[in-house]
Amino acid sequence: MERIKSGVPGLDGLMEGGVPKGSITILAGNTGSGKTIFGTQFIHNGAVQYNEKGVYATLEEDAATFKENMRRFGFNLDQLEKSGKIMILDHEMLRSGGLDVNLRFITEKMRDLKATRLVIDSLTAFLAACEEKLAYRSALYLMHDQLKGNEYTTLMTVSVPSGSQTLGMGIEEFMADGVIQLENVVQELEIRTRFVIRKMRGTGHSRKFHRVMFLPSGLEIVPFTS
Ligand SMILES: Nc1ncnc2c1ncn2[C@@H]1O[C@H](COP(=O)(O)OP(=O)(O)OP(=O)(O)O)[C@@H](O)[C@H]1O
Ligand SMILES: [Mg+2]
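Take a look at the structure:
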């Protein structure tokens, strides 16, 4: 099985070298737990280290703010975009159509760029128009069919309110091939972030919680080894 490396330090070794190529992974997490930084590392490292182009759909922050925030970690997304290695799509560009129009827009851009990595940040915002569970469920399956039929490896963030026992509407996790979670935990007078792989179809993976460090260069997973 071909693997797609995230390049996030400490991570790929926890899942036999990377996420399976062509898979859809949900990156669930509380607010501020590092979902956007993680997604950016996936796209940035793809372009810089692995010669794989990527599309980042930012639906919670506009493209300019997103790029500025990520620059703090040394990710020069502007430059990568100018050199045609990545493309950033934001709400401005996606707002016109309905869900299937937006989805087609994204997949067209993927094809134009010959991109193989896709991040949707967040799935929660992307599906915000679906108020009813039934509409939400069919939208999810539409996304699944559109994205799985291709060669892309997709990462979709899902915001999880702290203390919540379910992820999104409780159906996202079944649609995805993999679910990885970032979790903020209060310890004494500090919030720490931990990481766990809840599932990853077709591959062995760690079932332990690992520490997440926020470094000037981005996130790093510190594997728990005992
Ligand atoms: N320059 C920085 N150096 C170190 N840590 C930072 C820096 N900038 C942001 N952070 C940390 O990263 C967190 C934000 O990470 P990120 O935006 O990836 O979270 P998120 O899970 O996407 O949050 P949201 O739910 O709001 O989208 C901040 O809350 C802060 O703790
Ligand atoms: Mg975010």
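Position 75 of the sequence shown, counting from 1, maps to 57 under our numbering, and the rest follow consecutively. All residues carry an ideal CB built from backbone N, CA and C; glycine is no exception. Keep in mind that this is a model prediction, so the values were computed, not measured.
S146 and N12 have their alpha carbons spaced roughly 9 Å apart.
Relative to the Cα of R93, the nearest Cα in the group L(-4), G131, E114 and G150 belongs to G131. In the three-state reduction of the DSSP assignment, D103 falls in the strand class, which pools E and B.
E(-16) has its Cβ no nearer than 7 Å to any heavy atom of ligand 2.
Assignment of beta-bridge partners to T148 by DSSP yields no partner. For K115, same chain residues with a beta-carbon under 7 Å away, outside a window of 5 residues either side, are M151 in chain order. For ligand 2, a non-hydrogen atom lies closer than 7 Å to the CB of K17. Here N27 is buried, its C-beta having at least 16 other C-beta atoms within 10 Å. By a beta-carbon distance limit of 8 Å, L9 contacts I162. Their separation comes to about 6 Å. Beta-bridge pairing by DSSP links R(-15) to P2. Taking the Cβ of E42 as the reference point, at least one heavy atom of ligand 2 falls within a distance shorter than 7 Å. Its Cα nearest to that of V83, the residue L109 stands out among L109, S65 and L197. Check the Cα spacing between D103 and each of A45, E202, L59 and A39: the tightest is with A39.
With a cutoff of 8 Å on beta-carbon distance, H187 and L(-7) are scored as not near each other. Secondary-structure assignment with DSSP links R174 through a beta bridge to V167.
Less than 8 Å separates the beta-carbon of V194 from that of G16. In this structure, DSSP gives F55 a state outside helix and strand, which the three-state scheme calls coil.
A distance of 8 Å or more separates the beta carbons of E34 and K3.
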